[in-house]
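Trainee: Counting in the working numbering, the sequence shown runs from 192 upward without gaps. Virtual Cβ for every residue (Gly too), placed ideally from N, Cα, C. Fair warning: this is a prediction, and the values are worked out from it, not measured in the lab. I have a structure here, written as structure tokens, and I will follow up with some questions on it.
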Amino acid sequence: MKKYLLVLGLFGLILMMPTAQATLANVVIDSTNNIVEAGEEFPAEYEVAIDIKPDTLSTNSKCQWITCYIWISEGYTAHEVDFSSVTLGSLSALEQFSGIVDVDDDGVKEAMVKFDRAAFIEMITGSESPVVLTLTGMYTNGVIFTGTDTIILLLE
192 MKKYLLVLGL FGLILMMPTA QATLANVVID STNNIVEAGE EFPAEYEVAI
242 DIKPDTLSTN SKCQWITCYI WISEGYTAHE VDFSSVTLGS LSALEQFSGI
292 VDVDDDGVKE AMVKFDRAAF IEMITGSESP VVLTLTGMYT NGVIFTGTDT
342 IILLLE
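What follows is the structure in structure tokens.
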């Protein structure tokens, strides 16, 4: 009788254990935090290359924008970037000034996002130069991408 209760108890315990996957809107996240969609597995977050311009920023500069170019992850296109989701630190991208360009003339389009320069300088005030910045955004299917770049800050 004790063996029977032990086996029954283990079976009940197994039934109560959480699964290693969660499903939401046809997207499954497995136990290694990879997203599986339509049988294809891809990371929950992609690392992208970014280039923030200007590389050296003077606090007395009269330019209106900070521009960031995003080299898109393999398997995606610049048209799949959700521009409303893109942030640089705590700043949201200015969607009306963002778009798709071929910045390096290689025939592959990159995403270009712009940020308000005055708000950007306010955000990084007090930081030591060089400043490491992280950009975060999402593709239209909800997959997150991040990238980092470093700029020099000239306090004048």
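Quick check: what's the CA-CA separation for E301 versus V292?
Mentor: The straight-line gap separating the alpha-carbon atoms of E301 and V292 is approximately 5 angstroms.
Trainee: May I ask which residues mark the beginning and end of the beta strand (DSSP E) holding I342?
Mentor: 335 to 345
Trainee: In terms of alpha-carbon separation, which member of V299, N332, L282, A269 lies closest to L326?
Mentor: L282
Trainee: Can you round the beta-carbon distance between E236 and T337 to whole angstroms, since I take them to be within the 8 angstroms contact cut?
Mentor: 6 angstroms
Trainee: For the pair the region 263 to 271 and the region 242 to 253, tell me if three or more CB-CB distances fall below 8 angstroms.
Mentor: no
Trainee: Find the nearest neighbour of L345 within the set T316, I243, Q287, judged by alpha-carbon distance.
Mentor: Out of T316, I243, Q287, T316 has the C-alpha closest to the C-alpha of L345.
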